[in-house]
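To convert, note that position 17 of the sequence shown is 20 in the working numbering; the numbers rise steadily by one, no gaps.
Note that the Cβ used here is the ideal one computed from N, Cα and C, for glycine as well.
Since the model is a prediction, treat every value here as computed from it, not as a measurement.
Only one structure is covered here, and it is reproduced in the block below.
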Amino acid sequence: MTFFLKVMMRPTGIVALRALPQSKMRTALRYVPPTTLIGAIAYPLYHLSGDRNETVYDRKTVKSTADGIKNLFEWVTIKTIGKPRLYGALLKINTVYRGKAQSAVTSFPFAVMYGSEDSTITAVYLVNEEELSKGPYTMKDLERAAWGITRLGSRESVVSVENVETGKAEISEASSAETSYAFPFKGFEVKGKGTLQSVVDWRSGIGDYSSAKRIVMFYPEGTVSVRGKLRVTTVGGETLVLAP
């Protein structure tokens with residue numbers, strides 16, 4: 004058995020997350036990756052202990068403080084209701100450098116999540132009970148932190164948490180499953196619509212992505228059927244397909 008947190012959030016309009024690596028032609032991620040979900044809960048969790056730092060220096064490398072809690076989670080995934088639409092705005096920037104006015108152009112890529120559809124984001128965190136018992140935090144602290152999530156990554160990606168559910172789940176093996184949550188696309192047969200997105204494997208570290216491992220995630224549009232050698236669990240009556 005493992006603990007779980009199920010957090011239902013409502014975005015206020017956009018989710019601005021950039022794909023890495025990037026060039027001047029910046030590209031937005033359509034769906035929220037696991038690294039961002041861990042960062043979202045890390046920020047209010049550290050506040051409980053009075054730590055308000057968002058980055059730390061490790062061997063001359065800047066890392067996110069979220070890296071310090073990544074081992075608390077066995078798996079992190081997301082369900083998105085409403086398909087985000089990608090846009091990119093061009094912005095003119097005016098600066099003063101050494102007394103001289105300068106102009107530059109940059110881009111602001113984002114995913115729009117408002118309109119005629121009712122968009123929601125539901126994140127599920129599977130908590131490693133053994134790692135949790137070794138640290139300073141409790142399951143109650145994680146629940147409080149979940150209620151304190153205010154943004155997903157960038158300051159423009161504001162969300163409102165509307166429900167937090169906790170409990171225990173049992174991980175088992177299966178040959179088929181139906182799910183609405185993102186899962187690793189590796190050796191599975193999938194029936195249904197969705198989007199493939201390459202994301203950083205958060206288990207390899209959060210913050211320095213220059214040499215980070217990547218995994219391909221399948222983000223379903225609605226519910227899809229999955230066949231293969233699966234590890235699954237049920238959280239709040241919904242099935243999750245986990246990493247092999």
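- prompt: Hey, would you say A172 sits closer than 7 Å to V238, going by beta carbons?
  reply: In this structure, A172 lies near V238, with their beta-carbon atoms less than 7 Å apart.
- prompt: So what does DSSP say about N166, is it helix, strand or coil?
  reply: strand
- prompt: Between the C-alpha atoms of V164 and A43, what's the straight-line distance to the nearest angstrom?
  reply: 11 Å
- prompt: What does a CB cutoff of less than 6 Å around T38 pick up in its chain, not counting 5 residues either side in sequence?
  reply: V203, W205, I209
- request: Would you decide whether Y184 is buried or exposed? Buried here means 16 or more other CB atoms lie within 10 Å of its CB.
  value: Flag for Y184 reads buried.
query: Going by other Cβ atoms of all chains shown within 10 Å of its Cβ, with 16 needed for buried, is P247 buried or exposed?
result: exposed
- request: Look at E134 and T169 and say whether their C-beta atoms are less than 7 Å apart.
  value: no
message: In whole angstroms, give me the CA-to-CA distance for E181 and T5.
response: The straight-line gap from Cα to Cα measures roughly 21 Å.
query: Since T198 and Y34 are thought to touch, with beta carbons under 8 Å apart, how far apart are those beta carbons, to the nearest angstrom?
result: 7 Å
message: Contact between the region 91–108 and the region 142–160 is defined here as three or more beta-carbon pairs at a separation below 8 Å; is this criterion met?
response: no
Reduced DSSP category for K66 - H, G, I as helix; E, B as strand; rest coil: Strand.
task: Would you give the residue range spanned by the beta strand (DSSP E) that E146 belongs to?
output: Note, E146: premise wrong, no beta strand (DSSP E); alpha helix (DSSP H) at 142–150.
- request: Specify whether the region 78–89 and the region 145–161 touch according to this definition: at least 3 beta carbon pairs, one from each stretch, less than 8 Å apart.
  value: no
query: Closest to S228 by CA distance: which of F186, D211, S67 is it?
result: Closest option to S228, Cα to Cα, is F186.
- prompt: If you run the structure through DSSP and keep just helix, strand and coil, what is L20?
  reply: coil
query: What's the C-alpha gap between R41 and I124?
result: The displayed chain sequence assigns Ile, not Arg, to residue 41. As the crow flies, the alpha-carbon of I41 is around 14 Å from that of I124.
message: Run through the DSSP bridge pairs and tell me what N97 is partnered with.
response: S106
query: Based on the DSSP secondary-structure assignment, which residues constitute the bridge partners of A31?
result: R21
query: Would the beta-carbon of K9 fall within 7 Å of that of V127?
result: yes
- request: Confirm, please, whether the CB-CB distance from T68 to V79 is below 7 Å.
  value: no
message: With DSSP as the reference, identify every bridge partner of S2, one or two as the case may be.
response: The chain is shown only over 4 to 247; residue 2 falls outside these bounds and no answer can be derived.
message: So, for S201: in the same chain, excluding its five sequence neighbours on each side, which residues have a beta-carbon less than 7 Å away from its beta-carbon?
response: R217, V219
field: CB contact flag (M116, P14, <7 Å)
entry: yes
field: Distance, L93 Cα to S2 Cα
entry: Summary: the structure shown does not reach residue 2, with the chain confined to residues 4 through 247, and so no result is reported for it.
- prompt: Counting along the chain, where does the alpha helix (DSSP H) carrying Y49 start and finish?
  reply: 37–51
query: Alpha carbon to alpha carbon, how far is R21 from Y49?
result: 24 Å
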